[in-house]
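The structure appears right after this line, and notes come after that.
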Amino acid sequence: MSIKSLIKKPQSISVKSPVDEKKLIGNAFGEKQPLRKEFDITDEEELKIWRNFKNLRLEKDKNYLIRKYSPLVKYVAGKIAPTVPASVEFNDLIGFGTFGLLDAVNKFDPDKGVKFKTYGITRIRGQIYDELRSLDWVPRSIRQKYKLIEEVKQNYKEETGQPIKDEAISSQLGMSSEEINRISSMINDSNVGSLDDAWSSKKDADDTPLIETLKAPEHIDPFSCVEEDEIKATIGNEIKKLPEKEKKVLILYYYEELTLKEIGKILQVTESRVSQLHSKAIRHIRASLDGIKKNLI
59 MSIKSLIKKP QSISVKSPVD EKKLIGNAFG EKQPLRKEFD ITDEEELKIW RNFKNLRLEK
119 DKNYLIRKYS PLVKYVAGKI APTVPASVEF NDLIGFGTFG LLDAVNKFDP DKGVKFKTYG
179 ITRIRGQIYD ELRSLDWVPR SIRQKYKLIE EVKQNYKEET GQPIKDEAIS SQLGMSSEEI
239 NRISSMINDS NVGSLDDAWS SKKDADDTPL IETLKAPEHI DPFSCVEEDE IKATIGNEIK
299 KLPEKEKKVL ILYYYEELTL KEIGKILQVT ESRVSQLHSK AIRHIRASLD GIKKNLI
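The sequence shown runs 59 to 355 under my numbering.
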């Protein structure tokens, strides 16, 4: 079951824009290219290869599967590339993603009823995000300024019980509103969040991605149906409560599979602003999921 099944596109939301959507959405493997003859096999034939590899771990089967699905790495890297600083090379993303592909091939279970393309994209994306987080591309000076901004916000809220306005922060720290927004955007851009991340943000929770908690129909345990239904219902309800722009960002990112840059063009905002909206929406949904996990346990 994919994230698309969780985030239903409301009829009231239009994704039309001056941008050519065919060029934006594209093909899952980038530009359409003739499939190499060796990879033009039936689903049954591929399943046999997967099962052989699972049982015998033969290098020839592993190499075949890696070569067949290597375009997924370029696809995922291409989606992420516009959202990272220019200092991060595209080839670095490819390298990170390749490790994710290798891990996915080694761990994939062909008998769970999930297509490898779905599983592989999740693992590749997760590996790239993990590596990007470890890079910490935000300069120390920016983090120090951000810490000051957060301290001013926290102190004001403790004293008054109300959130502070940007103008008051500017006055106290001697920064312009533009600089404050720029610093906040850099920090938000460095904190990558996704519905493919762990479904709970608590430190003592497991790190299972939300998508992997949803099993194929033939593998569903009847006793887990209530939990899964509650998760899906909670996500759906929380998305409905989101402000219109945050809701659109989730729909365009997960349903239409656009990049943050493409979404920015449609909503006529910057990539940084799209990233902020995405992060805010994910935090809101995660908080709700933390609540139901506590109740279920």
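Glycine included, every Cβ here is placed at the ideal spot set by N, Cα and C.
Any idea if G184 is buried or exposed, counting beta-carbon neighbours within 10 angstroms, 16 or more meaning buried? buried
Residue nearest to K112 in terms of C-alpha spacing, selected from V131, K170, K132, V142: K170
Grouping DSSP H, G and I as helix and E and B as strand, with all else coil, what is H336? helix
Would you check if the stretch 150-157 and the stretch 200-216 touch, i.e. whether three or more CB-CB distances between them fall below 8 Å? no
Straight-line Cα distance separating I186 from S192: 10 Å
Here's the rule I'm using: 16 or more other beta-carbon atoms within 10 Å means buried, otherwise exposed. How should F166 be labelled? buried
How would you call R341, buried or exposed, if buried means at least 16 neighbouring beta carbons within 10 angstroms? exposed
So V332 packs on L318, CB below 8 Å; how close in whole Å? 5 Å
Confirm, please, whether the CB-CB distance from Y204 to I241 is below 8 Å. yes
Specify, as a first and last residue, the run of the alpha helix (DSSP H) that F166 falls within. F166 -> no alpha helix (DSSP H), and no H or E assigned at all.
Heavy atom of the ligand FAD within 7 Å of D119 beta-carbon: The ligand FAD is not part of this structure, which contains no ligands at all.
Whether A339 touches E304 by CB criterion (8 Å): yes
For S192, which three-state DSSP category applies? helix
What did DSSP end up calling I245 once you bin it into helix, strand or coil? helix
Can you tell me where the alpha helix (DSSP H) holding V134 begins and where it ends? 129-138
Please decide whether G178 counts as near chain D, where near means a Cβ-Cβ distance under 8 Å. No chain D is part of this structure, which consists of one protein chain only.
Pick helix, strand or coil for T328, following the three-state DSSP scheme. coil
Return yes when the Cβ of I182 is within less than 8 Å of the Cβ of V134, no when it is not. yes
What first and last residue would you give for the alpha helix (DSSP H) that runs through T218? 198-218
Distance check for R125 and F174, CA to CA, integer angstroms please. 13 Å
Do you know offhand how far L325's Cα is from E102's? 43 Å
With DSSP collapsed to three states, give me the class of L317. Note that residue 317 corresponds to Thr in the displayed sequence, not to Leu. Residue state, collapsed to three classes: coil.
With distance defined between alpha-carbon atoms, name the residue in Y127, L105, G136 nearest to G178. Y127
When I309, I343, P168 are compared against A291, the one with the closest alpha-carbon: I343
Quick one: using the 10 Å Cβ neighbour count with 16 as the cut-off for buried, is Q334 buried or exposed? buried
Grab me the residues of F148's own chain with a C-beta within less than 7 Å of its C-beta, minus the 5 sequence neighbours each way, in chain order. A135, A139
Coil, strand or helix - D98 by DSSP: coil
Mind checking which residues open and close the alpha helix (DSSP H) that includes L116? Premise fails: L116 is in no alpha helix (DSSP H) and is neither H nor E.
Mind checking K306: buried by the 16 CB within 10 Å criterion, or exposed? buried
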